[in-house]
Amino acid sequence: MADLFDLLIGKEGDKDYKKKPVIVQGITGKFGSFHTQQMLAYGTNIVAGVTPGKGGQKLEGVPIYENMKEAVSATGAKISIIFVPAKFFLGAAIEALEAGIKLLIAIPEHVPVKDALTVVDLAKKKDAIVVGPNTPGIIIPGVIKIGIMPASPFKPGRIAVISRSGTLMYEVSHHLSLANFGQSICFGIGGDPINGAPLIQAFDTIRDGANIDGVVVVGEIGGDAEEMLAQHIIDTKFDKPVVAYIAGRAAPKEKRMGHAGAIIYGTYGSAESKVSMYAKANVPVAKRPAEVPMLLAGKLGKGRNK
Amino acid sequence: MRLLEYQAKSLFSDYSIPIPQGLTSTDIEQGRKDAAKLGYPFVIKAQMAVGGRGKAGAIQKCHNADEFELKYPEIMQKVVKGEKTKAILLEKMADIKKELYLSLFLNRSKRCYTIIASVEGGVEIESVKNQIIREVGLGDVDSKTAEEVGKEMGLKDKALAQFVDILKKLSKITVEKEAELAEINPLAVLKDDTLFALDGKVIIDDNAMFRHDELRKFQEVSELEERAEKSGFSLVELEGNIAVVGNGAGLVMSTLDMLSDHGGKPACFLDVGGGATTDTVYEALTLISKMKKVRGVLVNLYGGIVKTTTVATAFIKAFDNKIIDVPVFARMSGAEADKSKEMLKGSRTKMFDTIEEAINAAVIEVNKNG
Numbered sequence: 001m002a003d004l005f006d007l008l009i010g011k012e013g014d015k016d017y018k019k020k021p022v023i024v025q026g027i028t029g030k031f032g033s034f035h036t037q038q039m040l041a042y043g044t045n046i047v048a049g050v051t052p053g054k055g056g057q058k059l060e061g062v063p064i065y066e067n068m069k070e071a072v073s074a075t076g077a078k079i080s081i082i083f084v085p086a087k088f089f090l091g092a093a094i095e096a097l098e099a100g101i102k103l104l105i106a107i108p109e110h111v112p113v114k115d116a117l118t119v120v121d122l123a124k125k126k127d128a129i130v131v132g133p134n135t136p137g138i139i140i141p142g143v144i145k146i147g148i149m150p151a152s153p154f155k156p157g158r159i160a161v162i163s164r165s166g167t168l169m170y171e172v173s174h175h176l177s178l179a180n181f182g183q184s185i186c187f188g189i190g191g192d193p194i195n196g197a198p199l200i201q202a203f204d205t206i207r208d209g210a211n212i213d214g215v216v217v218v219g220e221i222g223g224d225a226e227e228m229l230a231q232h233i234i235d236t237k238f239d240k241p242v243v244a245y246i247a248g249r250a251a252p253k254e255k256r257m258g259h260a261g262a263i264i265y266g267t268y269g270s271a272e273s274k275v276s277m278y279a280k281a282n283v284p285v286a287k288r289p290a291e292v293p294m295l296l297a298g299k300l301g302k303g304r305n306k
Numbered sequence: 001m002r003l004l005e006y007q008a009k010s011l012f013s014d015y016s017i018p019i020p021q022g023l024t025s026t027d028i029e030q031g032r033k034d035a036a037k038l039g040y041p042f043v044i045k046a047q048m049a050v051g052g053r054g055k056a057g058a059i060q061k062c063h064n065a066d067e068f069e070l071k072y073p074e075i076m077q078k079v080v081k082g083e084k085t086k087a088i089l090l091e092k093m094a095d096i097k098k099e100l101y102l103s104l105f106l107n108r109s110k111r112c113y114t115i116i117a118s119v120e121g122g123v124e125i126e127s128v129k130n131q132i133i134r135e136v137g138l139g140d141v142d143s144k145t146a147e148e149v150g151k152e153m154g155l156k157d158k159a160l161a162q163f164v165d166i167l168k169k170l171s172k173i174t175v176e177k178e179a180e181l182a183e184i185n186p187l188a189v190l191k192d193d194t195l196f197a198l199d200g201k202v203i204i205d206d207n208a209m210f211r212h213d214e215l216r217k218f219q220e221v222s223e224l225e226e227r228a229e230k231s232g233f234s235l236v237e238l239e240g241n242i243a244v245v246g247n248g249a250g251l252v253m254s255t256l257d258m259l260s261d262h263g264g265k266p267a268c269f270l271d272v273g274g275g276a277t278t279d280t281v282y283e284a285l286t287l288i289s290k291m292k293k294v295r296g297v298l299v300n301l302y303g304g305i306v307k308t309t310t311v312a313t314a315f316i317k318a319f320d321n322k323i324i325d326v327p328v329f330a331r332m333s334g335a336e337a338d339k340s341k342e343m344l345k346g347s348r349t350k351m352f353d354t355i356e357e358a359i360n361a362a363v364i365e366v367n368k369n370g
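From first to last, the protein sequence lines are chains Z and A.
For the first sequence, our numbering assigns the number 1 to the initial residue and increments by one for each residue that follows.
For the second sequence, our numbering assigns the number 1 to the initial residue and increments by one for each residue that follows.
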């Protein structure tokens, strides 16, 4: 498995240290062009865009290519972010992985399960990390933003946030920042049933980061990712503080709550099941987003709350 | 999209998985014709998207016309776990020797399809014992795998051959129709050792519906839910009286939880999507105005990139156009929050700095007005 921090930041001495090149697929769309501006404003080194039929043009000074093969060979980028509509996602993702992309941020919502499974399969073969689909992306505050998140909730620090929900990632980070818990990385895994990097894998890619004092896991009803993560924390004896939040306690069964992945069948996917597994792993679960920093302060012993 | 039993069975039938002879109706007049065609005795089965129908009396045997006149209307009125009867299936009874369990489902944590089979079927999956489990990638099941599963279940000869055939067809349905779940429970073994699907449950991947126009006929969304879908929102109607609106599924769920914790009763879950503009919020308020039970609206928007004034403009427009006549309690984070508060002064929208404050105010106000 490729190293996430190495891909995102690189090593001191690299000539592109903290300036890793990024390609935007679907750069000329309404969404793609808006967020390209936002990412550039944050300091992300966007080196190329891809929109078939618009090769040779420029957007915000970023050169546009016909396809990923051309864009990658011109720039050497290993990171790409996809903004195409869901029905074109499969083609775009295959093109990126075949061209040698090692970190693929998949923004589109409503990608069919079959297409997501196909991409996951190919990523395994290519030793690449796929984040999403239906993710807000990844941000290392102050360094790089590859996604659609607003910049304001985040500030640099030493807490890692992993989230199944976009706006809740912003909300929880906002409360953390207010309490002076800055973030070393915020990783949106996506709200779909199939994640390129599921909760456990996302957790493993960041767990050994030297700049991490604690981890906040923002989850929601549906699936058993939280249960498996809790077991994984026990099995691997992870000893840094972990605090969780789970949305959807009041959700009815068998109703899709906005996210394709947020649905309870019987007891499978219910909040109670997740909370009880987290309890076994000694992971406290906040009742509301504003409670997360308090629980974290408690876990860290010496609250940095001022 | 969860198919009702008779819809799942019509799919089974298209793929020649054997099902009992049956007819579906939505009113008693058609029901009487069906009964005459089918002949007594038969089973009356409420068609609703929920398990545990048998225990709840939503499935009953019927031996003659007198019983029919009594039971058909009774079952039509049934509500089980909040689900109403959508239609009625009359089905011939069978001589059952044994009930098996068989399903193929999308295993999210393993990120592949998985077969679950058992010789102890006829109960809900959580209670199915001695489960035989096989991971099958993208859902294709070959004869060898199907035979292994059948043998492990102790099936032999004719029954085994038929089981292999049914499992392969179920796999074909899963792959071709992009189902997240295709379940036969019970898969009945009859006195003569033939197998057939006594009940069926199929859930289609909503995101793949654009490739499946042939399944549109099964789609059953409320008028409002359909309108929401067109605007790119997701809407789930609930039982309470406070409409909950926000941007992002997680945030709206979180708001629902906090509202319930404070004794409030959500009337709906309405996610307007990641961004929020004057138009999307205005359309959301328009949708809510169609729900008669709503006594208050709770709005939780994580602005960030969005200017809160954009959203405040939508509220003002909605009041001006008399779209909404109930109080609105809003928490908005993001740019220009102070200016928005100024804009909304004197209107029926109250702005709060935190969601907790907004919820408190909403619950008090709505309870006060009964």
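In this text, a Cβ means the ideal position worked out from N, Cα and C, and glycines have one as well.
Reducing DSSP to helix, strand and coil, say where A/Glu180 ends up.
strand
I'd like to know whether the C-beta of A/Asp261 is nearer than 9 Å to at least one C-beta of chain Z.
Yes, contact with chain Z.
Return helix, strand or coil for A/Gln7, following the three-state DSSP convention.
helix
Taking only the alpha-carbon atoms, compute the straight-line gap between A/Val294 and A/Thr308 and give it to the nearest angstrom.
24 Å
Can you list, in chain order, the residues of the segment 226-260 of chain Z whose Cβ is nearer than 9 Å to any Cβ on chain A?
From the segment 226-260 of chain Z, only Glu227, Met228, Tyr245, Ile246, Ala247, Gly248, Arg249, Ala250, Ala251, Pro252, Lys253, Glu254, Lys255, Arg256, Met257, Gly258, His259, Ala260 have a Cβ closer than 9 Å to chain A.
Partner residues on chain Z for A/Ile125, Cβ-Cβ distance less than 9 Å:
Tyr265, Gly266, Tyr268
Cα-Cα separation, A/Asp261 to A/Glu29
46 Å
Cα-Cα separation, Z/Glu12 to Z/Gly157
19 Å
Rank Z/Thr36, Z/Thr118, Z/Ala271 by C-alpha distance to the C-alpha of Z/Ile64 and give the top, closest one.
For the set Z/Thr36, Z/Thr118, Z/Ala271, the Cα lying nearest the Cα of Z/Ile64 is the one of Z/Thr36.
Quick check: is the beta carbon of Z/Gly32 nearer than 9 Å to any beta carbon in chain A?
no
Cβ neighbour criterion (16 or more within 10 Å) applied to Z/Pro133
Sixteen is the threshold: when 16 or more other Cβ atoms of the shown chains lie within 10 Å of the Cβ of Z/Pro133, as they do, the residue is buried.
Should A/Gly54 go down as buried or exposed, given a rule of 16 or more other Cβ atoms within 10 Å for buried?
Exposed, because fewer than 16 other Cβ atoms sit within 10 Å of the Cβ of A/Gly54.
What's the gap between the Cα of A/Ala36 and the Cα of A/Ser10?
Near 21 Å, if we compare the C-alpha coordinates of A/Ser10 and A/Ala36.
Through-space distance from Z/Val120 to A/Thr85, alpha-carbon basis
40 Å
Of all the CB atoms in chain Z, is at least one closer than 9 Å to the CB of A/Ile316?
Under the Cβ distance rule, A/Ile316 does not count among the residues neighbouring chain Z, no pair being separated by less than 9 Å.
To the nearest angstrom, report how far apart A/Glu91 and Z/Ala202 are at their CA atoms.
A direct Cα-to-Cα measurement between A/Glu91 and Z/Ala202 gives close to 49 Å.
Proximal residues of chain Z, C-beta to C-beta of A/Asp199 below 9 Å
Here the premise fails: no neighbours, minimum Cβ distance about 16 Å.
I'd like to know whether the C-beta of A/Asp271 is nearer than 9 Å to at least one C-beta of chain Z.
yes
Check whether the Cβ of Z/Leu296 lies closer than 9 Å to any Cβ atom in chain A.
no
What is the rounded straight-line gap between the Cα of Z/Lys306 and the Cα of A/Asn369?
Because Z/Lys306 carries a pLDDT of 38, less than 50, the predicted location of this residue cannot be relied on, and the following value inherits that uncertainty. Answer to the nearest angstrom: the Cα atoms are 41 Å apart.
Best match in A/Gly246, A/Leu259, A/Gly263 for proximity to A/Tyr282 [C-alpha to C-alpha]
Of the candidates A/Gly246, A/Leu259, A/Gly263, A/Gly246 places its Cα closest to the Cα of A/Tyr282.
For Z/Gln231, the first and last residue of its enclosing beta strand (DSSP E)
Premise fails: Z/Gln231 lies in the alpha helix (DSSP H), 225-235, not in any beta strand (DSSP E).
For A/Val43, write down the residues that DSSP places opposite it in a beta bridge.
A/Lys61, A/Glu91
Complete beta strand (DSSP E) runs within the segment 81-134 of chain Z (minimum length 3 residues, chain order):
103-106, 129-131
Contact list for Z/Val120 against chain A, beta-carbon separation under 7 Å
Correct list: Arg111.
What are the residues in the segment 179-190 of chain A lying within 9 Å of chain Z by C-beta distance?
Look at the segment 179-190 of chain A: the residues with a C-beta under 9 Å from a C-beta of chain Z are Glu180, Leu181.
Just to check, is the beta-carbon of Z/Ile206 closer than 8 Å to a non-hydrogen atom of the ligand MG?
Ligands in the displayed structure: none, and consequently the ligand MG is not present.
Would you please state the rounded distance, in angstroms, between the beta carbons of A/Leu270 and A/Ala243? I believe it to be under 8 Å.
7 Å between Cβ atoms; contact.
On the CB-based measure, 16 or more other CB atoms within 10 Å of its CB, does A/Asn207 come out buried or exposed?
buried
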